[in-house]
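Some notes on the structure that comes next.
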Amino acid sequence: MDSENQQRYQTAIALACLPVGNVNFSGCRDQCTTRNDNADHSASEILKLLRSGQVLMVNSRRRNGLILYKGFHAEFAGPGAAVGSFYDRDCDWALPVGNLSLLTPESHEERQKAYLIRRQWIRLMKQITEKSQPHQRVQKILEQFEQYFDSQTVSQIPDEAFARLVGVLPQTANIVRNTASSIEED
Numbered sequence: 006m007d008s009e010n011q012q013r014y015q016t017a018i019a020l021a022c023l024p025v026g027n028v029n030f031s032g033c034r035d036q037c038t039t040r041n042d043n044a045d046h047s048a049s050e051i052l053k054l055l056r057s058g059q060v061l062m063v064n065s066r067r068r069n070g071l072i073l074y075k076g077f078h079a080e081f082a083g084p085g086a087a088v089g090s091f092y093d094r095d096c097d098w099a100l101p102v103g104n105l106s107l108l109t110p111e112s113h114e115e116r117q118k119a120y121l122i123r124r125q126w127i128r129l130m131k132q133i134t135e136k137s138q139p140h141q142r143v144q145k146i147l148e149q150f151e152q153y154f155d156s157q158t159v160s161q162i163p164d165e166a167f168a169r170l171v172g173v174l175p176q177t178a179n180i181v182r183n184t185a186s187s188i189e190e191d
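Have a look at this one:
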C-alpha cells in the first residue's frame with residue numbers, strides 16, 4: 006500500500022467497528038456516559054477529530070454514519086458526507102451508527118462532493134421535520150433509518166438521538182418506538 010493510501014485509511018482503521026450499543030445517553034449532553042471505557046475512548050477520539058479542523062468524510066461504501074449532537078439538536082451525517090472542519094467544531098458528542106469508517110478526502114473535488122452529500126442529508130432531515138405532528142416526525146425518521154440500517158442497529162440508537170434529530174422530546178420518541186414495537190409483536 007503506498008503512503009497516500011495508508012494515510013487515507015489510517016483513520017478508517019482506527020475508528021472501524023465502533024459499536025453503537027455501548028453508548029448510553031442520559032438525556033443531557035453534559036452527562037453523556039458509556040457502559041464501557043473503550044467506547045468512551047473511541048467516541049472521544051471521534052470528537053477530537055471533528056474538532057481538529059480536519060475535513061473527513063463518512064465512508065460511502067459502508068452502511069454507517071454519525072449522529073452529531075450540537076447544542077439542543079442533532080444532525081445526521083450519512084455515507085459520503087463531510088464531517089469535521091469548522092462545521093462541526095460546535096459538536097458536543099458524536100454517536101457512531103453502524104460500522105463507522107471515516108476517510109480523508111484525497112482531492113478538492115472529493116471534498117466538494119462530500120460537502121454536497123452532507124447538504125443532502127441535512128435536506129432530508131429538514132423534510133422530515135416539516136411534518137407538523139411530533140409523532141409523525143419520529144415515525145418518519147425511524148422509517149428512514151430502518152430502510153438503511155438493520156433493525157438491531159436502529160434499536161440500539163437512543164431515543165434522545167432520534168428526538169434531537171427531528172426536534173421532539175425524548176419521551177415522544179420512546180412512545181412512538183414502543184407503539185411500533187407492540188404493533189409488530191401482535
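Under my numbering, the first residue of the sequence shown is numbered 6, with each subsequent residue one higher.
Glycine included, each C-beta is placed from N, C-alpha and C at the ideal position.
**OP:** Within the same chain, show all residues whose beta-carbon is closer than 8 Å to that of Gln205, passing over the 5 residues directly before and after it, in chain order.
**Re:** Nothing about residue 205 can be read from this structure; the chain reaches only from 6 to 191.
Original post:
By how many angstroms is the C-alpha of Leu108 removed from the C-alpha of Leu52?
Top reply: On the sequence shown, position 47 is the one that residue 52 refers to. On the sequence shown, position 103 is the one that residue 108 refers to. Using only the alpha carbons, I get a separation of about 15 Å.
**OP:** Could you give the DSSP three-state label for Ala185: helix, strand or coil?
**Re:** Position 180 of the sequence shown, counted from the first residue, corresponds to residue 185. The three-state reading of DSSP puts Ala185 in helix, counting H, G and I together.
**OP:** Round the Cβ separation of Pro101 and Val60 to the nearest angstrom and send it over; I've been treating them as touching at under 8 Å.
**Re:** Sequence index remark: in the sequence shown, residue 101 carries index 96 (1-based). Sequence index remark: in the sequence shown, residue 60 carries index 55 (1-based). Not confirmed; about 18 Å, so no contact.
Original post:
By the 10 Å Cβ neighbour count, where 16 or more other Cβ atoms means buried, how is Asp155 classified, buried or exposed?
Top reply: As a first step, residue 155 must be located in the sequence shown, where it is residue number 150. Counting Cβ neighbours within 10 Å, Asp155 comes out exposed, since fewer than 16 surround it.
Subject >> Coil, strand or helix - Pro101 by DSSP >> reply: Residue numbering aside, residue 101 sits at position 96 when the sequence shown is read from its first letter. Three-state DSSP puts Pro101 in a strand.
Original post:
Based on Cα-Cα distance, which residue from Thr177, Gly103, Met130 and Arg94 lies nearest to Arg66?
Top reply: Here residue 66 is taken as the residue at index 61 of the sequence shown, counted from 1. Checked all of Thr177, Gly103, Met130 and Arg94; the closest Cα to Arg66 is Gly103.
Original post:
What residues in its chain sit with their C-beta under 8 Å from that of Ile162, if we drop five residues either side in the sequence?
Top reply: The sequence position of residue 162 within the sequence shown is 157, counting from 1. The beta carbon of Ile162 is closer than 8 Å to those of Val25, Ile72, Leu100, Val102 and Phe150 in its chain, skipping five residues each way along the sequence.
Original post:
Cα-Cα, which of Ala168, Lys75, Asp97 and Val88 is closest to Arg116?
Top reply: Position 111 of the sequence shown, counting from 1, holds the residue named residue 116. Taking only the C-alpha atoms, the option nearest Arg116 is Val88.
Original post:
Is Arg169 closer than 7 Å to Ala79 when the C-beta atoms are compared?
Top reply: By 1-based counting over the sequence shown, the position of residue 79 is 74. By 1-based counting over the sequence shown, the position of residue 169 is 164. Taking 7 Å as the cut-off, the Cβ atoms of Ala79 and Arg169 count as close.
Original post:
In whole angstroms, what is the alpha-carbon distance linking Arg56 and Cys96?
Top reply: Mapped onto the sequence shown, residue 56 falls at position 51. Mapped onto the sequence shown, residue 96 falls at position 91. Take the alpha-carbon of Arg56 and the one of Cys96: they are about 8 Å apart.
**OP:** Assign Leu121 to buried or exposed, taking buried as 16 or more other Cβ atoms, counted over all protein chains shown, within 10 Å of its Cβ.
**Re:** Working through the sequence shown from its first residue, we reach residue 121 at position 116. Around the beta carbon of Leu121, fewer than 16 other beta carbons lie within 10 angstroms, which makes this residue exposed.
**OP:** Check Ser31 in the structure and name its three-state DSSP category.
**Re:** Position 26 of the sequence shown, counting from 1, holds the residue named residue 31. Because the pLDDT of Ser31 is 30, which lies under 50, any placement of that residue in the model is unreliable, and the question is left without a value.
Original post:
Are Ile133 and Val181 touching if we call contact CB-CB under 7 Å?
Top reply: Residue numbering aside, residue 133 sits at position 128 when the sequence shown is read from its first letter. Residue numbering aside, residue 181 sits at position 176 when the sequence shown is read from its first letter. Between Ile133 and Val181, the C-beta gap is not smaller than 7 Å, which leaves the two residues out of contact.
Original post:
Lys75 by DSSP, collapsed to three states: which one?
Top reply: Here the question's residue 75 lines up with position 70 in the sequence shown. If DSSP states are grouped into helix, strand and coil, Lys75 belongs with the strands.
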